[in-house]
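Asks: Below are the structure tokens for one structure; questions will follow.
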Amino acid sequence: MQTAQKQLWLHSYFHKWSAETSGRSHAMPHIKTYMRVSLDFQNIAWFLVTSANLSKAAWGAFEKNGTQLMIRSYELGVLFLPSEFGLNTRYFQVKENMFTNTSILSFPVPYDLPPEKYENKDRPWIWNIPYTKAPDTHGNMWVPK
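Below is the structure:
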């Protein structure tokens with residue numbers, strides 16, 4: 447909770463999970479994705495799926511007057527580049543629906559685009575805060591010990 451209170455500025459970057467295109471709106475995965483997407487959300491220059499947070503622990507920090515890189519957590523990720531798929535273009539085309547067959551090679555983003563930004567009333571889920579005002583979709587309350 448203390449770290450979350452210090453990073454309220456991050457809320458302006460948060461978006462709501464929605465994955466109707468893949469039928470996974472009720473099953474948010476514990477992944478991190480980063481991409482360079484066009485303004486109209488139709489093309490992707492690159493897409494990274496990873497376990498890495500945006501943290502010093504995951505990406506490292508220089509120590510000892512910049513002579514040593516300290517990485518506390520080792521992470522794994524896969525970077526998708528159009529050139530590695532033999533495409534003669536600099537972009538993947540975004541696949542609009544996971545369940546349609548098409549002859550065009552398109553990239554299956556695992557969530558809906560464009561993402562919907564958090565509203566002022568929205569709050570991120572934090573693991574050590576009890577959530578007792580309403581049950582989740584399975585009828586459970588989260589009450590950490």
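Residue numbers (our numbering): 447 to 591.
Quick reminder that beta carbons are idealized off the backbone N, C-alpha and C, glycines included.
#1: When you compare the CB positions of valine 495 and valine 524, do they come within less than 7 Å of one another, or not?
#2: Check whether the Cβ atoms of phenylalanine 487 and leucine 551 lie closer than 7 Å to each other.
#3: Based on the DSSP secondary-structure assignment, which residues constitute the bridge partners of methionine 481?
#4: Taking 7 Å as the cut-off, decide whether the C-beta atoms of histidine 472 and threonine 583 are in contact.
#5: If you run the structure through DSSP and keep just helix, strand and coil, what is histidine 457?
#6: Is there contact between the stretch 560-579 and the stretch 453-472, where contact requires at least three CB pairs shorter than 8 Å?
#7: Considering glutamine 539, what are the terminal residues of the alpha helix (DSSP H) in which it resides?
#8: Which two residues bound the contiguous alpha helix (DSSP H) that contains glutamine 451?
#9: By DSSP, does serine 552 sit in helix, in strand, or in coil?
#10: Hey, could you find the ends of the beta strand (DSSP E) alanine 507 is sitting in?
#11: What did DSSP end up calling phenylalanine 487 once you bin it into helix, strand or coil?
Replies: Answer, in terms of the structure:
#1: What you label residue 495 is simply residue 49 of the sequence shown in a count that begins at 1. What you label residue 524 is simply residue 78 of the sequence shown in a count that begins at 1. In contact: valine 495 and valine 524 (Cβ atoms closer than 7 Å).
#2: Taking the first residue of the sequence shown as 1, we reach residue 487 at position 41. Taking the first residue of the sequence shown as 1, we reach residue 551 at position 105. It is not a contact, given that the beta carbons lie outside the stated cut-off.
#3: As a position in the sequence shown, residue 481 is number 35, starting the count at 1. Partner(s): Phe493.
#4: Counting from 1 along the sequence shown, the entry for residue 472 is found at position 26. Counting from 1 along the sequence shown, the entry for residue 583 is found at position 137. Contact flag set, yes.
#5: The residue given as residue 457 occupies position 11 in the sequence shown. Residue state, collapsed to three classes: helix.
#6: yes
#7: Within the sequence shown, numbered from 1, the residue matching residue 539 stands at position 93. From DSSP, glutamine 539 is part of no alpha helix (DSSP H) but of the beta strand (DSSP E) over 538-540.
#8: As a position in the sequence shown, residue 451 is number 5, starting the count at 1. Glutamine 451 -> alpha helix (DSSP H) spans 448-452.
#9: Within the sequence shown, the letter at position 106 stands for residue 552. The answer is strand: DSSP assigns serine 552 an E or B state.
#10: Start at 1 with the first residue of the sequence shown, and residue 507 comes out as number 61. Note, alanine 507: beta strand (DSSP E), 507-509.
#11: Locating residue 487 in the sequence shown gives position 41, where the first residue counts as 1. Correct three-state label for phenylalanine 487: coil.
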